[in-house]
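Asks: Sending over a structure as C-alpha coordinates; questions will come in a sec.
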Amino acid sequence: MPPVMIPVLPCSDFDETLLFWKALDFKNTYRQEKPYPYAVMVKNDWQLHFRQEKRLDIHNNYCINLLIVSDVAAVHQQFTQAMKAYLGKVPATGLPRITRFKTGQTRFTLTDISGNGIIVIQSGEADQKNYEAYDNANLTPLQKAIALARRLREYKEDDKAAIKTLVTALKKAGKEERENINIAVEMLIDMDAANEKQYRTLTAS
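Encoded structure:
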(Lines of atoms letter the chains of each structure in order from A and count residues from 1; the text may use other names and numbers.)
(Lines give C-alpha, C1' and ligand atoms only; values in the text may rest on other atoms or scores of the structure.)
Protein backbone atom coordinates (compact mmCIF):
# COMPACT_ATOMS: atom_id res chain seq x y z
CA MET A 1 0.00 0.00 0.00
CA PRO A 2 1.44 3.43 -0.95
CA PRO A 3 1.88 6.09 1.75
CA VAL A 4 -1.29 8.04 2.59
CA MET A 5 -1.38 11.59 3.97
CA ILE A 6 -4.59 12.60 5.78
CA PRO A 7 -5.01 15.99 7.46
CA VAL A 8 -6.59 16.13 10.91
CA LEU A 9 -9.29 18.79 11.23
CA PRO A 10 -10.04 20.67 14.47
CA CYS A 11 -13.48 20.91 16.01
CA SER A 12 -14.70 22.98 18.93
CA ASP A 13 -17.70 20.80 19.76
CA PHE A 14 -16.54 17.23 19.19
CA ASP A 15 -19.91 15.49 19.47
CA GLU A 16 -21.85 18.02 17.40
CA THR A 17 -19.26 17.95 14.63
CA LEU A 18 -19.39 14.16 14.40
CA LEU A 19 -23.21 14.23 14.44
CA PHE A 20 -23.17 16.68 11.54
CA TRP A 21 -20.99 14.43 9.39
CA LYS A 22 -23.00 11.38 10.43
CA ALA A 23 -26.08 13.17 9.09
CA LEU A 24 -24.23 13.50 5.77
CA ASP A 25 -23.92 9.70 5.65
CA PHE A 26 -20.38 9.45 7.05
CA LYS A 27 -19.78 6.56 9.45
CA ASN A 28 -17.72 6.79 12.61
CA THR A 29 -15.08 4.06 12.22
CA TYR A 30 -12.81 5.09 15.09
CA ARG A 31 -13.12 7.19 18.23
CA GLN A 32 -11.03 7.77 21.32
CA GLU A 33 -11.53 10.03 24.33
CA LYS A 34 -8.11 9.79 25.98
CA PRO A 35 -5.47 11.15 26.00
CA TYR A 36 -7.45 13.51 23.72
CA PRO A 37 -10.69 13.26 21.71
CA TYR A 38 -10.02 11.95 18.21
CA ALA A 39 -12.30 10.39 15.60
CA VAL A 40 -12.44 9.16 12.01
CA MET A 41 -15.49 9.60 9.78
CA VAL A 42 -15.71 7.64 6.51
CA LYS A 43 -17.97 7.69 3.44
CA ASN A 44 -17.06 5.60 0.41
CA ASP A 45 -13.28 6.08 0.11
CA TRP A 46 -13.39 9.53 1.76
CA GLN A 47 -11.87 9.96 5.20
CA LEU A 48 -12.16 12.86 7.61
CA HIS A 49 -10.10 12.84 10.81
CA PHE A 50 -10.98 15.14 13.69
CA ARG A 51 -9.39 16.28 16.93
CA GLN A 52 -11.02 18.39 19.60
CA GLU A 53 -9.72 21.92 20.04
CA LYS A 54 -11.88 23.70 22.61
CA ARG A 55 -10.35 27.13 22.01
CA LEU A 56 -10.92 26.99 18.27
CA ASP A 57 -12.35 30.19 16.76
CA ILE A 58 -14.79 28.55 14.37
CA HIS A 59 -15.37 31.79 12.43
CA ASN A 60 -11.65 32.11 11.71
CA ASN A 61 -10.91 28.46 11.03
CA TYR A 62 -9.04 28.22 7.72
CA CYS A 63 -8.65 24.42 7.58
CA ILE A 64 -9.59 23.10 4.14
CA ASN A 65 -9.70 19.68 2.50
CA LEU A 66 -9.97 19.00 -1.24
CA LEU A 67 -12.23 16.19 -2.41
CA ILE A 68 -11.89 15.17 -6.08
CA VAL A 69 -14.97 13.38 -7.45
CA SER A 70 -16.22 12.08 -10.80
CA ASP A 71 -19.67 13.73 -10.55
CA VAL A 72 -19.60 16.96 -8.54
CA ALA A 73 -23.28 17.74 -9.23
CA ALA A 74 -24.40 14.40 -7.78
CA VAL A 75 -22.30 14.89 -4.65
CA HIS A 76 -23.72 18.39 -4.16
CA GLN A 77 -27.22 16.98 -4.44
CA GLN A 78 -26.44 14.28 -1.86
CA PHE A 79 -25.05 16.80 0.62
CA THR A 80 -27.86 19.34 0.18
CA GLN A 81 -30.54 16.69 0.63
CA ALA A 82 -28.82 15.40 3.76
CA MET A 83 -28.42 18.90 5.19
CA LYS A 84 -32.07 19.69 4.55
CA ALA A 85 -33.13 16.50 6.30
CA TYR A 86 -30.85 17.24 9.26
CA LEU A 87 -31.29 21.01 9.60
CA GLY A 88 -34.64 21.59 7.92
CA LYS A 89 -32.95 23.94 5.44
CA VAL A 90 -29.90 24.27 3.22
CA PRO A 91 -27.91 27.25 4.58
CA ALA A 92 -25.66 29.20 2.21
CA THR A 93 -24.31 31.43 5.00
CA GLY A 94 -23.20 30.93 8.58
CA LEU A 95 -22.10 27.58 10.01
CA PRO A 96 -22.67 25.01 8.68
CA ARG A 97 -23.19 26.05 5.06
CA ILE A 98 -22.87 24.88 1.48
CA THR A 99 -22.38 27.01 -1.61
CA ARG A 100 -25.17 26.91 -4.16
CA PHE A 101 -24.62 24.98 -7.35
CA LYS A 102 -25.36 26.04 -10.92
CA THR A 103 -25.18 24.03 -14.15
CA GLY A 104 -21.63 24.14 -15.45
CA GLN A 105 -20.00 24.59 -12.05
CA THR A 106 -17.05 22.32 -11.35
CA ARG A 107 -16.73 22.79 -7.59
CA PHE A 108 -18.53 23.78 -4.42
CA THR A 109 -17.60 24.20 -0.77
CA LEU A 110 -19.19 22.56 2.25
CA THR A 111 -18.29 24.11 5.61
CA ASP A 112 -19.11 22.21 8.80
CA ILE A 113 -20.17 23.55 12.20
CA SER A 114 -16.53 23.96 13.26
CA GLY A 115 -15.63 26.03 10.19
CA ASN A 116 -13.74 23.27 8.36
CA GLY A 117 -14.11 23.63 4.59
CA ILE A 118 -14.41 20.71 2.18
CA ILE A 119 -13.94 21.86 -1.41
CA VAL A 120 -15.50 19.28 -3.72
CA ILE A 121 -13.98 19.41 -7.23
CA GLN A 122 -14.90 17.75 -10.51
CA SER A 123 -12.07 15.56 -11.77
CA GLY A 124 -10.64 16.27 -15.22
CA GLU A 125 -9.76 19.44 -17.10
CA ALA A 126 -13.09 21.28 -16.81
CA ASP A 127 -12.29 22.74 -13.40
CA GLN A 128 -9.01 24.21 -14.59
CA LYS A 129 -10.70 25.65 -17.67
CA ASN A 130 -13.28 27.34 -15.46
CA TYR A 131 -10.52 28.80 -13.34
CA GLU A 132 -8.68 30.16 -16.39
CA ALA A 133 -11.80 31.57 -18.05
CA TYR A 134 -11.10 35.05 -16.66
CA ASP A 135 -7.93 35.21 -18.78
CA ASN A 136 -9.76 34.56 -22.09
CA ALA A 137 -9.06 37.57 -24.33
CA ASN A 138 -12.21 36.92 -26.39
CA LEU A 139 -14.59 37.66 -23.52
CA THR A 140 -16.46 40.94 -23.19
CA PRO A 141 -15.72 43.07 -20.09
CA LEU A 142 -18.87 41.80 -18.36
CA GLN A 143 -18.14 38.17 -19.26
CA LYS A 144 -14.68 38.62 -17.76
CA ALA A 145 -16.25 40.06 -14.63
CA ILE A 146 -18.61 37.07 -14.41
CA ALA A 147 -15.69 34.65 -14.80
CA LEU A 148 -13.69 36.53 -12.14
CA ALA A 149 -16.67 36.59 -9.77
CA ARG A 150 -17.05 32.82 -10.14
CA ARG A 151 -13.36 32.45 -9.47
CA LEU A 152 -13.61 34.57 -6.32
CA ARG A 153 -16.72 32.79 -5.09
CA GLU A 154 -16.02 29.18 -5.96
CA TYR A 155 -12.25 29.12 -5.44
CA LYS A 156 -11.84 31.61 -2.58
CA GLU A 157 -15.33 31.74 -0.99
CA ASP A 158 -15.06 35.52 -1.19
CA ASP A 159 -18.63 36.59 -1.92
CA LYS A 160 -17.90 40.18 -0.91
CA ALA A 161 -15.23 40.59 -3.60
CA ALA A 162 -17.37 38.75 -6.16
CA ILE A 163 -20.32 41.08 -5.51
CA LYS A 164 -18.13 44.16 -5.84
CA THR A 165 -16.71 42.85 -9.13
CA LEU A 166 -20.15 42.29 -10.65
CA VAL A 167 -21.68 45.56 -9.44
CA THR A 168 -18.76 47.56 -10.85
CA ALA A 169 -18.99 45.75 -14.21
CA LEU A 170 -22.77 46.13 -14.46
CA LYS A 171 -22.55 49.89 -13.99
CA LYS A 172 -20.44 49.98 -17.18
CA ALA A 173 -22.39 47.33 -19.11
CA GLY A 174 -24.49 49.56 -21.38
CA LYS A 175 -23.55 47.73 -24.60
CA GLU A 176 -23.45 44.21 -23.18
CA GLU A 177 -25.88 41.53 -24.34
CA ARG A 178 -28.96 41.13 -22.18
CA GLU A 179 -28.11 37.47 -21.52
CA ASN A 180 -24.80 38.42 -19.90
CA ILE A 181 -26.45 41.13 -17.82
CA ASN A 182 -29.09 38.69 -16.60
CA ILE A 183 -26.41 36.13 -15.66
CA ALA A 184 -24.53 38.74 -13.63
CA VAL A 185 -27.65 39.95 -11.83
CA GLU A 186 -28.79 36.41 -11.00
CA MET A 187 -25.33 35.71 -9.56
CA LEU A 188 -25.64 38.82 -7.38
CA ILE A 189 -29.07 37.82 -6.13
CA ASP A 190 -27.85 34.30 -5.45
CA MET A 191 -25.08 35.69 -3.23
CA ASP A 192 -27.04 38.53 -1.66
CA ALA A 193 -30.79 37.97 -1.93
CA ALA A 194 -31.53 40.70 0.64
CA ASN A 195 -30.56 43.34 -1.93
CA GLU A 196 -32.44 41.85 -4.89
CA LYS A 197 -34.36 45.05 -5.67
CA GLN A 198 -31.14 47.07 -5.73
CA TYR A 199 -29.51 44.64 -8.15
CA ARG A 200 -32.57 44.53 -10.41
CA THR A 201 -32.24 48.29 -10.95
CA LEU A 202 -28.88 47.67 -12.60
CA THR A 203 -30.75 46.05 -15.52
CA ALA A 204 -33.31 48.84 -15.91
CA SER A 205 -31.46 50.62 -18.71
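For what it's worth, the working numbering labels the leading residue of the sequence shown as 17, then goes sequentially.
By construction, the Cβ of each residue, glycine as well, lies at the ideal position given by its N, Cα and C atoms.
Less than 8 angstroms between C-beta atoms, sequence neighbours within five positions excluded: which residues of the same chain meet that for K43?
Replies: Answer for K43: M57, V58, K59, listed in chain order.
Asks: Less than 7 angstroms between C-beta atoms, sequence neighbours within five positions excluded: which residues of the same chain meet that for P156?
Replies: Note on residue identity: the sequence assigns Thr, not Pro, to residue 156. Cβ within range, chain order: E192, N196.
Asks: Alpha carbon to alpha carbon, how far is N211 from D128? Give it in angstroms, no decimals.
Replies: Cα to Cα, D128 sits roughly 26 angstroms from N211.
Asks: Which residues mark the beginning and the end of the beta strand (DSSP E) in which A55 is found?
Replies: First-last of the beta strand (DSSP E) with A55: 54 to 59.
Asks: Distance check for A89 and A200, CA to CA, integer angstroms please.
Replies: Cα-Cα distance, rounded: 21 angstroms.
Asks: Please state if the CB of G131 and the CB of I80 are separated by a distance shorter than 8 angstroms.
Replies: No. Outside cutoff.
Asks: Determine the direct distance from the alpha carbon of R67 to that of Y52, and round the result to whole angstroms.
Replies: Those two C-alpha atoms are separated by around 8 angstroms.
Asks: Label A153 either buried or exposed according to how many other C-beta atoms from any shown protein chain fall within 10 Å of its C-beta, with 16 as the threshold for buried.
Replies: Looking at its Cβ environment, which holds fewer than 16 other Cβ atoms inside 10 Å, A153 is exposed.
Asks: Exposed or buried, which one is N146 when buried takes at least 16 other CB atoms within 10 Å?
Replies: Burial call: buried.
Asks: Excluding five sequence neighbours on each side, which residues of the same chain lie with their C-beta closer than 8 angstroms to the C-beta of A101?
Replies: Cβ neighbours of A101 beyond the five flanking positions: A39.
Asks: Smallest Cα separation from L82: which of A177, A185, E170?
Replies: Cα-wise, what sits closest to L82 is E170.
Asks: Just the C-alpha distance for W62 and D208, rounded to the nearest angstrom, thanks.
Replies: Cα to Cα, W62 sits roughly 32 angstroms from D208.
Asks: From this set, A163, D73, F95, which residue's C-alpha is nearest T181's C-alpha?
Replies: Ranking the options by Cα distance to T181, first place goes to A163.
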